[in-house]
Amino acid sequence: MVQKVEKQIWRFIDSGAADGSFNMATDEVMATLAPLSQPVLRVYRWHPFTISIGYNQNFDDLDTTKCEQKGIGLVRRPTGGRAILHAHEVTYCVIIPRGHSLFGENPPELYNQISSAIVKGLKYMLPEVILERKEVSQSSPRYNQQVACFATSAKYEIHYESKKVVGSAQRRFRNGLLQHGSIILGDEHLQILEYLSRRNGNLQRSRNLLQANTVSMERILKRRIEYQEIVKCIKAGFENHFGILFEERSLSQNELRVIEELKLKYLLEEEL
Numbered sequence: 155m156v157q158k159v160e161k162q163i164w165r166f167i168d169s170g171a172a173d174g175s176f177n178m179a180t181d182e183v184m185a186t187l188a189p190l191s192q193p194v195l196r197v198y199r200w201h202p203f204t205i206s207i208g209y210n211q212n213f214d215d216l217d218t219t220k221c222e223q224k225g226i227g228l229v230r231r232p233t234g235g236r237a238i239l240h241a242h243e244v245t246y247c248v249i250i251p252r253g254h255s256l257f258g259e260n261p262p263e264l265y266n267q268i269s270s271a272i273v274k275g276l277k278y279m280l281p282e283v284i285l286e287r288k289e290v291s292q293s294s295p296r297y298n299q300q301v302a303c304f305a306t307s308a309k310y311e312i313h314y315e316s317k318k319v320v321g322s323a324q325r326r327f328r329n330g331l332l333q334h335g336s337i338i339l340g341d342e343h344l345q346i347l348e349y350l351s352r353r354n355g356n357l358q359r360s361r362n363l364l365q366a367n368t369v370s371m372e373r374i375l376k377r378r379i380e381y382q383e384i385v386k387c388i389k390a391g392f393e394n395h396f397g398i399l400f401e402e403r404s405l406s407q408n409e410l411r412v413i414e415e416l417k418l419k420y421l422l423e424e425e426l
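Residue numbers (my numbering): 155 to 426.
This is how it looks when you write it as structure tokens:
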């Protein structure tokens, strides 16, 4: 008799639209408060549209006055990378807690595992999407000259015809590993260049690189892509790749309390 193997249950959270301080505080709290062995997939949106910068990036790279005038939020991510304008996209966050077997994987391998799950999900809508290796060093002059995140590439990226459709970053905390990223639905991410400070030099060159290196789902499929359409596919991709099931469980009152406390750190930094 074949013994039935019980599938692992991961937690799924769709926290909807929120401002940058809430979104980044939530990602950090989920990673630092991860005492259990249950991984988490969270999806969310941004309201208002927000520019996030990498952990080691400087807000001086941005024209903060123009951002304020146009109602664009600003926030620093707990992960690395460069500036991103979060607009018409689905943002995902995966938390692998310390007590789970996947936490023992080396970070690049885990990055590839999570990215492969996203690829499987996107293939329901876009069969040609692939996880592609790119040899671009973060110490190279080309990388260092770019302020916009989507104008650069990590070693492995999710591509359609060699153009990036998802940008991701990862950080390991004591209690959990965080990987989050943006799935580009529309072309609004290209507007990031309107909010860079003039000290960044040749913005036209950056614009050309950004357009050459990225493509949105809507541009590929030539139709409007809805948020829930992508969310459904991503969930299915994770279930298929990791052989799991999801249970949907909203943020708890305790989690929300800690998130509200941590939001102050992000809000204060935005005002600097």
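Glycine included, every Cβ here is placed at the ideal spot set by N, Cα and C.
Nothing here was measured: the structure is a model prediction, and the numbers come from that model.
Closest by C-alpha distance to I338, out of E222, L280 and H395, is L280. By the C-beta density criterion, I163 is exposed, having fewer than 16 other C-beta atoms within 10 angstroms. In this structure, the beta-carbon distance from T233 to Y209 falls below 9 Å. Excluding the 5 residues flanking it on each side, C221 has same chain C-beta neighbours closer than 7 Å at I205, L228 and Y349, in chain order. In this structure, DSSP gives H201 a state outside helix and strand, which the three-state scheme calls coil.
For L216, the pairing in a beta bridge is given by DSSP as L350. In this structure S175 is buried. Its beta-carbon is surrounded by 16 or more other beta-carbon atoms within 10 angstroms.
With a threshold of 16 other beta carbon atoms within 10 Å, S255 falls short and is exposed. Taking the Cα positions, I268 is about 8 Å away from F392.
The beta-bridge partner set that DSSP reports for L285 consists of I312. R165 and Q382 have their C-alpha atoms spaced approximately 17 Å apart.
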